[in-house]
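As structure tokens, the structure follows; a few thoughts come after it.
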Amino acid sequence: MLDRRILEICSTPLRRILERLPASIINNFQELRLRQERPLCLRCVQDEFFVTIDGRVTRNPREAYFITKSDIEKIFLNLTRSSVYTLDEELRSGFITISGGHRVGFTGEAVLQNGRVKSLKNVTSINIRISREVEGCADPVMPLIIDPVLNTVYHTLIISPPGCGKTTLLRDIVRQISNGIPSMGFKGVNVGLVDERSEIAACYNGVPQHDVGLRTDVLDRCPKAEGMYMLVRSMAPHVIATDELGRAEDIAAVEEVLNAGIKLITTVHGADLEDIKKRPVIEQLLKKTLFHRIIILSGTKAVGTVEDVVDGLKGRSLLKKVKRGGEDCKSFGRNYNRSGL
Numbered sequence: 050m051l052d053r054r055i056l057e058i059c060s061t062p063l064r065r066i067l068e069r070l071p072a073s074i075i076n077n078f079q080e081l082r083l084r085q086e087r088p089l090c091l092r093c094v095q096d097e098f099f100v101t102i103d104g105r106v107t108r109n110p111r112e113a114y115f116i117t118k119s120d121i122e123k124i125f126l127n128l129t130r131s132s133v134y135t136l137d138e139e140l141r142s143g144f145i146t147i148s149g150g151h152r153v154g155f156t157g158e159a160v161l162q163n164g165r166v167k168s169l170k171n172v173t174s175i176n177i178r179i180s181r182e183v184e185g186c187a188d189p190v191m192p193l194i195i196d197p198v199l200n201t202v203y204h205t206l207i208i209s210p211p212g213c214g215k216t217t218l219l220r221d222i223v224r225q226i227s228n229g230i231p232s233m234g235f236k237g238v239n240v241g242l243v244d245e246r247s248e249i250a251a252c253y254n255g256v257p258q259h260d261v262g263l264r265t266d267v268l269d270r271c272p273k274a275e276g277m278y279m280l281v282r283s284m285a286p287h288v289i290a291t292d293e294l295g296r297a298e299d300i301a302a303v304e305e306v307l308n309a310g311i312k313l314i315t316t317v318h319g320a321d322l323e324d325i326k327k328r329p330v331i332e333q334l335l336k337k338t339l340f341h342r343i344i345i346l347s348g349t350k351a352v353g354t355v356e357d358v359v360d361g362l363k364g365r366s367l368l369k370k371v372k373r374g375g376e377d378c379k380s381f382g383r384n385y386n387r388s389g390l
């Protein structure tokens with residue numbers, strides 16, 4: 050059955066439909082799309098289905114259950130606990146994280162104040178993103194981002210197109226670095242996590258809903274650059290992790306982290322190294338060879354495929370350096386794709 054924490058925010062008609070979904074769909078879909086007066090839609094990794102009133106999936110939108118104004122209003126009221134004003138900041142950002150780490154995004158009519166979005170009203174579209182942990186998905190790359198001589202972590206950049214598993218991989222890397230990896234003789238270290246969009250730790254009321262490790266301190270919904278400065282000043286982390294670099298102010302913050310002797314693990318949207326070099330901010334970081342390890346993900350074979358792991362200083366592939374069962378690291382993409390990365 051679908052997570053009860055998702056069912057609890059739904060209207061009664063919608064809850065009854067979702068309770069009838071087959072397990073094969075429940076275990077694999079990523080997003081639940083609800084648009085007023087349009088068909089109920091599920092998005093899987095590389096596919097899309099509509100859902101009928103009796104919980105069947107179909108590719109014909111005319112057979113689907115059509116979302117009503119009442120369905121939308123009920124979800125929105127449950128999310129805000131009938132008081133929109135208690136969630137002003139979340140409404141401005143366009144999403145709310147609920148218990149379990151699931152993220153609910155919404156669109157409607159923007160309420161402006163001094164030319165900026167103050168809140169939303171007349172919500173007509175809701176997107177429920179299903180939160181899934183894949184513990185162990187980082188196993189294949191951990192030997193490549195740990196320095197076996199100094200027993201520390203390399204500065205690491207993960208490159209991935211949207212929806213190809215970078216946040217899932219980053220989360221498991223953080224968990225393992227924080228907890229320690231006995232098989233590698235690596236002891237856990239303090240990790241500072243800047244989770245600007247509440248996607249990595251998926252905090253609810255400040256408490257991580259995902260396992261990000263025993264020694265991880267989370268700054269939830271905090272701008273990346275400001276969060277990195279705060280962690281450097283106040284939490285003495287050995288490693289700082291954050292998602293989706295890209296703004297100009299991120300460069301100075303990254304340099305502050307590195308100058309403090311702290312290791313950095315972060316991500317960026319892109320297809321490969323050449324693609325991200327088209328963005329001035331990222332190109333500037335790459336020219337300084339700040340990242341010692343660069344992991345490149347794709348969805349070519351399946352979501353989360355490791356296309357390459359590059360030595361950022363020497364520019365050569367490291368995939369052949371890790372062997373397990375006669376296969377190199379590139380093969381492991383298939384293994385943890387089956388787990389849902």
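Under this note's numbering, think of the first position of the sequence shown as 50, with each following residue one higher.
Built from N, CA and C at the ideal position, the CB exists for glycine as well.
Per DSSP, cross-strand counterpart(s) of residue i
i	result
C252	P257
E158	K170
C227	According to the sequence as given, residue 227 is Ser; it is not Cys. S227 is not bridged to any residue.
S347	T354
N176	R82, G154
L91	L81, F98
R165	Q162
Endpoints, alpha helix (DSSP H) assigned at residue i
i	result
F125	118-129
T61	61-68
G276	273-283
L56	53-56
A72	72-75
Local conformation of residue i per DSSP, three classes
i	result
D137	helix
L81	strand
S366	strand
K215	helix
G150	coil
K236	strand
T205	strand
K312	strand
R296	coil
V198	coil
L242	strand
D324	helix
Buried versus exposed call for residue i [16 or more other C-beta atoms within 10 Å across all chains shown]
i	result
C192	Residue identity differs from the one stated: residue 192 is Pro in this sequence, not Cys. Buried, by the Cβ-count rule.
V198	exposed
T265	buried
I121	buried
A113	buried
E356	buried
N109	exposed
D269	buried
N239	buried
Close beta carbons around residue i, own chain, < 8 Å, minus the five adjacent residues each side
i	result
A301	A274
D103	I66, R69
G157	L169, K170, N171, V172, T173, S174
Close beta carbons around residue i, own chain, < 6 Å, minus the five adjacent residues each side
i	result
F125	V172
S131	Because S131 carries a pLDDT of 49, less than 50, the predicted location of this residue cannot be relied on, and no value is offered for it.
Enclosing beta strand (DSSP E) for residue i [first to last residue]
i	result
G143	Counting along the chain, G143 falls outside any beta strand (DSSP E), and DSSP gives it neither H nor E.
R264	Taken as a continuous stretch (DSSP letters only), R264 belongs to no beta strand (DSSP E), as it is neither H nor E.
V288	288-291
Close Cβ partners of residue i (< 7 Å) along its chain, the five nearest in sequence each way excluded
i	result
I415	No information on residue 415 is available, as it lies outside the stretch 50 to 390 that the chain covers here.
D321	I208, I345
R87	F115, I116
Any chain D beta carbon closer than 8 Å to residue i
i	result
D357	Here there is only one protein chain, and chain D is not present.
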